[in-house]
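Notes follow the structure.
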Amino acid sequence: MSNTEEGKGQNVKVVLRCRPMTPSEAAKEKQALRCLNEKTVEVSYASLGKASKKAFMFDGVYDQSSSQKDVFEHVVKPVVDEVLQGYNCTVFAYGQTGTGKTYTMEGEVNNCGSVMPPGAGVVPRAVAHVFKYLEENDFEYQVRISVVELYNEELSDLIASTDDHCTGQLRKLRLMEDPKKGVVLQGVEERAVKSAADIFSILEGTNKQRHTAETLCNKQSSRSHQIFTLKIFMKEKTLDEEEVIKTGQLNLVDLAGSECVGRSGALGDRKKEAGQINQSLLTLGRVITALVEHQPHVPYRESKLTRLLQDSLGGKTKTLIIATVSPTSGNIEETLGTLDYACRAKNIKNTPEINQLKAQREANGVYLSSQKYEEMHTEIERLKQA
Ligand SMILES: Nc1ncnc2c1ncn2[C@@H]1O[C@H](COP(=O)(O)OP(=O)(O)OP(=O)(O)O)[C@@H](O)[C@H]1O
Numbered sequence: 000m001s002n003t004e005e006g007k008g009q010n011v012k013v014v015l016r017c018r019p020m021t022p023s024e025a026a027k028e029k030q031a032l033r034c035l036n037e038k039t040v041e042v043s044y045a046s047l048g049k050a051s052k053k054a055f056m057f058d059g060v061y062d063q064s065s066s067q068k069d070v071f072e073h074v075v076k077p078v079v080d081e082v083l084q085g086y087n088c089t090v091f092a093y094g095q096t097g098t099g100k101t102y103t104m105e106g107e108v109n110n111c112g113s114v115m116p117p118g119a120g121v122v123p124r125a126v127a128h129v130f131k132y133l134e135e136n137d138f139e140y141q142v143r144i145s146v147v148e149l150y151n152e153e154l155s156d157l158i159a160s161t162d163d164h165c166t167g168q169l170r171k172l173r174l175m176e177d178p179k180k181g182v183v184l185q186g187v188e189e190r191a192v193k194s195a196a197d198i199f200s201i202l203e204g205t206n207k208q209r210h211t212a213e214t215l216c217n218k219q220s221s222r223s224h225q226i227f228t229l230k231i232f233m234k235e236k237t238l239d240e241e242e243v244i245k246t247g248q249l250n251l252v253d254l255a256g257s258e259c260v261g262r263s264g265a266l267g268d269r270k271k272e273a274g275q276i277n278q279s280l281l282t283l284g285r286v287i288t289a290l291v292e293h294q295p296h297v298p299y300r301e302s303k304l305t306r307l308l309q310d311s312l313g314g315k316t317k318t319l320i321i322a323t324v325s326p327t328s329g330n331i332e333e334t335l336g337t338l339d340y341a342c343r344a345k346n347i348k349n350t351p352e353i354n355q356l357k358a359q360r361e362a363n364g365v366y367l368s369s370q371k372y373e374e375m376h377t378e379i380e381r382l383k384q385a
């Protein structure tokens, strides 16, 4: 994602990751997916009794042999670097249940220290990369995180719920429209953190919280969305001793399993699927269609997920989608659905802006208007004292 495209419109970036076969799949199923090169995948399937093949192109294709480190270094690290430059960025994992969304986004979160375990996914690696950068550079910074779960159109604050000492009740949140900030999560806990280790220990708590609640209300992880947000405020001095304030926000989203939607649902057959499907995921599909087809109305307001992530789809945020698929012939219909969906999403255009301000970019950073500078300065001071 290049800075030169700022303000001009930039397509959502979409990469594909295919997980390995499990031993039982390998014993009885055929491989239906083949990576032809680093950007193209070919799928083999039967259509009307005839063997067919179809190729799909993405901004990157990661096959069964790709490691967690490969995916982070090639695809996500450049996005995190943009956040450190003062952009808002979102990374979504989208795909059928069991195809590796949680593995890709979280992977092994426990035991992450200065050396990442090979299984560590996007979240711990992004966190470690952010703090390495902040600690290596000599400037003031503030980092705050929130962890929110969306299930059945109900938003819960997983950090605040952890403080409720395992009552099994999740702290509910409301979405509100703020005239200045747009859609905000009223009362969400944005926890100030001083190190990557602080975040890893919070995530151990939120994961436990999620599992406790899951057992109590018989929730399936494949039906809930999890949104991890990291906000960074940085105060730097230029060579001329001028103060520069940058802020960046990174949203890392592990979506619900896409089979909850079904292909007919994504096309708008609302009646048939009502009550069974995930409203947010269904609306996400409709929002993508509306944006790609340049429809006059984009139905962001029809679900909480799309309201929350409105800026990531057609807005000022830089967005990356990691579509995950299974390689087996048994999952071919879902795989084709994911590939179609992900290909369409490549056509969404965002118009990234630094901090959503008309900031002037110069060699040493981002210069803000004095009024905005004062606003941000006050906000940083407020956060420090909180
Ligand atoms: N690239 C991969 N390499 C090795 N194992 C993987 C990979 N992707 C997924 N797996 C394994 O496959 C299983 C399912 O993965 P995961 O739970 O991440 O799927 P999911 O898409 O998040 O499912 P759900 O929608 O139900 O939450 C896990 O045991 C995971 O460890």
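For the sequence shown, numbering that gives the first Met the number 0 gives the first residue as 0, with consecutive numbering after it. Ideal Cβ placement from N, Cα and C applies to all residues, glycine included. Values in this document were obtained by computation on a predicted structure and should not be read as measured data.
Per the Cβ contact rule, the segment 78 to 94 is not in contact with the segment 35 to 42 (fewer than 3 Cβ pairs under 8 Å). P19 has its CB nearer than 7 Å to a heavy atom of ligand 1.
Here F57 really is in contact with V13; their C-beta atoms are around 5 Å apart, less than 8 Å. Per DSSP, reduced to three states, the secondary structure at E242 is strand. By the beta-carbon neighbour count (other beta carbons within 10 angstroms, threshold 16), E240 is exposed.
Placement of the Cβ of G99 at a distance of less than 7 Å from at least one heavy atom of ligand 1 is found. For ligand 1, a non-hydrogen atom lies closer than 7 Å to the CB of G256. Within the same chain, L174, V182, Y299 and R300 come within 7 Å of R306 by CB-CB distance, once the 5 residues on both sides are set aside. No Cβ-Cβ contact shorter than 8 Å links T205 with L169.
Around V11, the same chain offers T318, I320, A344, K345, I347 and N349 as residues with beta carbons nearer than 7 Å, after the five sequence neighbours per side are excluded. Taking the C-beta atoms as reference points, T103 is found nearer than 8 Å to R16.
With fewer than 16 other Cβ atoms from the protein chains shown falling within 10 Å of its own Cβ, T377 counts as exposed. The Cβ atoms of A54 and S43 lie no closer than 8 Å to each other. In this structure D310 is buried. Its beta-carbon is surrounded by 16 or more other beta-carbon atoms within 10 angstroms.
Between ligand 1 and the CB of T337, the shortest heavy atom gap is not smaller than 7 Å. Restricting attention to V147, E332 and F232, the CA atom closest to the CA of L32 is found in E332. Taking the CA atoms as reference points, L133 sits about 53 Å from S46.
Not one heavy atom of ligand 1 falls within 7 Å of the beta-carbon of Y132. In terms of CA proximity to M233, V142 leads the group Q67, E135 and V142.
Rounded to the nearest angstrom, the gap between the Cα atoms of A191 and T228 is 12 Å. K131 is positioned such that its CB atom lies no closer than 8 Å to that of L154. Cβ-Cβ separation between G247 and Y86: approximately 6 Å, consistent with a contact (criterion under 8 Å).
Residue nearest to F199 within the set G314, A125, I244 and P351 is A125 (criterion: CA-CA distance).
The continuous beta strand (DSSP E) containing L15 extends over residues K12 to C17. At a cut-off of 7 Å, the beta-carbon of T96 counts as near ligand 1: some heavy atom of the ligand is closer than that.
Judged by the Cβ position, T205 fails to qualify as a neighbour of ligand 1 at the 7 Å threshold, every heavy atom of the ligand being at least this far. Only residues of its own chain outside the window of five on either side were considered, and among them P116 have a CB closer than 6 Å to the CB of N110, listed in chain order. At the C-beta level, P351 and Q84 stay beyond 8 Å of one another. Between E28 and T337 a beta carbon distance of about 17 Å is seen, past the 8 Å cut, so the two are scored as non-contacting. Taking every protein chain shown into account, the CB of N277 has 16 or more other CB atoms within 10 angstroms, so this residue is buried.
Nearest C-alpha to E105 among L202, P22, N136 and T96: L202.
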